[in-house]
Amino acid sequence: MDQNQDDIRTNKYLIHRDDCNRSKPGLDEPDELPRDLSISYWDLIVLILAIVSHIIDVCIDFNVAYQYYIYEKLIYFVLTIIFIAVPSIINTYMSLKIYSIQEDMLRTTQKLLTNRLLLPFLLILQMAPVLRYYDVLKYALKSRRAALKGNNDDQKKYYALMAKEDSYVSLLRIFECFLEAVPQQILQICIVLVEKKQGSTFQIVHQSASIASSTIGIAWAMASYNKNVRIAYENRKNIGNTGTVLQFLWHIMITVSRILSISLAAIVWPQSTGIFCMVHWLFMTLWIFKYQNVTFCIPSNRFEERRIMRFFFSTILGLVYIFTYLSPSEGQGNSKNRYLGYYGVFLVENIVAVTIWANTGTDQNQWYYYLLMIGSIAPFFVGILFMTIYYKFFHPHTTYKDDNVEPHINTNNVNTSISDILG
Numbered sequence: 106m107d108q109n110q111d112d113i114r115t116n117k118y119l120i121h122r123d124d125c126n127r128s129k130p131g132l133d134e135p136d137e138l139p140r141d142l143s144i145s146y147w148d149l150i151v152l153i154l155a156i157v158s159h160i161i162d163v164c165i166d167f168n169v170a171y172q173y174y175i176y177e178k179l180i181y182f183v184l185t186i187i188f189i190a191v192p193s194i195i196n197t198y199m200s201l202k203i204y205s206i207q208e209d210m211l212r213t214t215q216k217l218l219t220n221r222l223l224l225p226f227l228l229i230l231q232m233a234p235v236l237r238y239y240d241v242l243k244y245a246l247k248s249r250r251a252a253l254k255g256n257n258d259d260q261k262k263y264y265a266l267m268a269k270e271d272s273y274v275s276l277l278r279i280f281e282c283f284l285e286a287v288p289q290q291i292l293q294i295c296i297v298l299v300e301k302k303q304g305s306t307f308q309i310v311h312q313s314a315s316i317a318s319s320t321i322g323i324a325w326a327m328a329s330y331n332k333n334v335r336i337a338y339e340n341r342k343n344i345g346n347t348g349t350v351l352q353f354l355w356h357i358m359i360t361v362s363r364i365l366s367i368s369l370a371a372i373v374w375p376q377s378t379g380i381f382c383m384v385h386w387l388f389m390t391l392w393i394f395k396y397q398n399v400t401f402c403i404p405s406n407r408f409e410e411r412r413i414m415r416f417f418f419s420t421i422l423g424l425v426y427i428f429t430y431l432s433p434s435e436g437q438g439n440s441k442n443r444y445l446g447y448y449g450v451f452l453v454e455n456i457v458a459v460t461i462w463a464n465t466g467t468d469q470n471q472w473y474y475y476l477l478m479i480g481s482i483a484p485f486f487v488g489i490l491f492m493t494i495y496y497k498f499f500h501p502h503t504t505y506k507d508d509n510v511e512p513h514i515n516t517n518n519v520n521t522s523i524s525d526i527l528g
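As structure tokens, this is what we get:
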């Protein structure tokens, strides 16, 4: 069998602009890939490190849960397992759903997915992103091999497939980051502050490792987001290195502020904090579903399924919006008003959370009291400063070929990035 046919079933939708909306003018032109299509050793190393870091992060989380179990802290054990299992189920479902509508799948991946023994493995060990990273790595190797042979057509084809799979990974990593890593951080911070000196040094080391690995997971997810967001639309200039760093710092600072604020409130009012997060989630879900152009790429004749998937997707994004705001595509208007509205509410909620902890908690005499208060609010303003500098001096000036075209979610093409999904 021909090697290309063995690798992919079809590349019919390889780099089309929007498979969900083919009738619109200007949407079927191929997107422009970067001029430099070479795959360096560093690119391959980064992909391998991504796989390894994900596996390490999962192992650390399970190890923390195991430590709670052997020390008979069953409530902490159950909560840790829940924060591991639920995001894993969501991520695996999303990945399988994308695979179900994907026509250019590696045959090895197809065989793995048809193996019924694999699904529990994907769920339990959170391997959905790893399977995607495997696809990215394999396409990268094929593109590099084609380049060495001087086969430019295969090099471009496999590079485009690699870029598409990379965008799928970004989607899954964003969800994993804010559905698993961030809640895991909040839980472990609360446990550390509540128990103070009650836990053993060995246990504290494990908790610290979990917090650190979750932070790395957030950084990695945001770095992938920053890398892929600009390739979502035609005629968009790439973000420079300085702009990428500023976006990374902006989102990390905002997220750290949110994590600490919610953690402090949860220490003194855990039930009320949980209710608050659920209310925030509900309002964000309804806002996204009603006012944001979020659509899962399912054929238009399957209206009910499209509507159900759109609502499901909105609920997942609503969970992400508890912790940070991922902007809709910059092609949509009112971005400034969206930021002002969301971050205004965000700041008020953070201040209220910290004030509750400061006035009702029992940590006023602890050495970290003022440090946590400052750490919960100051990073927010630092993040806003980074955001302002980015938009003022380092944001690429871009235009659409057709300003009347509304962006849609595109889970079938090379540009399935977070800005597509949120736009």
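Take the sequence shown: its letters are residues 106 to 528, numbered as in our numbering. Each residue gets a CB set at the ideal place from its N, CA and C atoms; glycine is no exception.
- Contact fails between the region 368-386 and the region 348-360, because fewer than three Cβ pairs, one in each stretch, are under 8 Å apart.
- Rounded to the nearest angstrom, the gap between the Cα atoms of Phe-188 and Phe-418 is 19 Å.
- Phe-167: member of the alpha helix (DSSP H) spanning 146-175, first to last residue.
- Beyond the five residues adjoining it in sequence on each side, His-311 comes within less than 8 Å, by CB distance, of Ile-165, Asn-168, Val-169 and Gln-172 in the same chain, given in chain order.
- Annotation: Ile-427 to Asp-258 spans about 44 Å, alpha carbon to alpha carbon.
- In this model, Asp-162 and Thr-460 are separated by some 33 Å (Cα to Cα).
- When Ser-193, Tyr-181, Ile-413 and Ala-251 are compared, the shortest CA-CA separation from Ala-233 is found for Ser-193.
- For Gly-446, the enclosing alpha helix (DSSP H) covers residues 440-465.
- Per DSSP, reduced to three states, the secondary structure at His-385 is helical.
- Ile-421 and Leu-276 have their alpha carbons spaced roughly 12 Å apart.
- Gly-345 sits in coil when the DSSP states are folded into three classes, being neither helix nor strand.
- Annotated three-state conformation of Ile-279 is helix, per DSSP.
- In this structure, the beta-carbon distance from Pro-484 to Val-373 does not fall below 8 Å.
- In the displayed model, Lys-247 falls within a helix according to three-state DSSP.
- Beta-carbon to beta-carbon, Ile-294 and Ser-366 are separated by about 11 Å, too far to satisfy the 8 Å threshold.
- Secondary structure at Tyr-473: coil, using DSSP grouped into helix, strand and coil.
- A Cβ-Cβ contact shorter than 8 Å links Tyr-448 with Tyr-430.
- With a cutoff of 8 Å on beta-carbon distance, Tyr-244 and Tyr-273 are scored as not near each other.
- Rounded to whole angstroms, the separation of the alpha carbons of Thr-185 and Ile-364 is 16 Å.
- Around the CB of Gly-379, fewer than 16 other CB atoms lie within 10 Å, so the residue is classed as exposed.
- Collapsing the DSSP output to three states places Ser-366 in a helix.
- Taking C-beta atoms under 8 Å as the contact rule, Ile-195 and Leu-292 fail to qualify, at a distance of about 17 Å.
- The alpha carbon of Gly-345 has as its nearest neighbour, out of Cys-382, Phe-498, Ser-248 and Val-487, the alpha carbon of Phe-498.
- In this chain, the alpha helix (DSSP H) harbouring Pro-288 covers 287-300.
- In this structure, DSSP gives Asn-257 a helical state, which the three-state scheme calls helix.
- For Gln-352, the three-state secondary structure derived from DSSP is helix.
- Non-local beta-carbon contacts of Ala-155 in its own chain, meaning distances under 6 Å to residues more than five positions away in sequence, involve Tyr-238 in chain order.
- In this structure, the alpha-carbon of Ile-413 lies about 51 Å from that of Asn-470.
- Closest by C-alpha distance to Trp-392, out of Ile-479, Ile-180 and Gly-423, is Gly-423.
- Using a Cβ distance threshold of 8 Å, Ser-145 and Ala-252 do not count as a contacting pair.
- In the DSSP assignment, Ile-421 falls within the alpha helix (DSSP H) that extends over 408-425.
- With a cutoff of 8 Å on beta-carbon distance, Val-487 and Met-358 are scored as near each other.
- Leu-179 and Val-297 have their C-alpha atoms spaced approximately 16 Å apart.
- Residue state for Pro-375 is assigned as helix, using DSSP reduced to three classes.
- The beta-carbon separation of Ala-286 and Ser-319, rounded to 4 Å, stays under the 8 Å limit for a contact.
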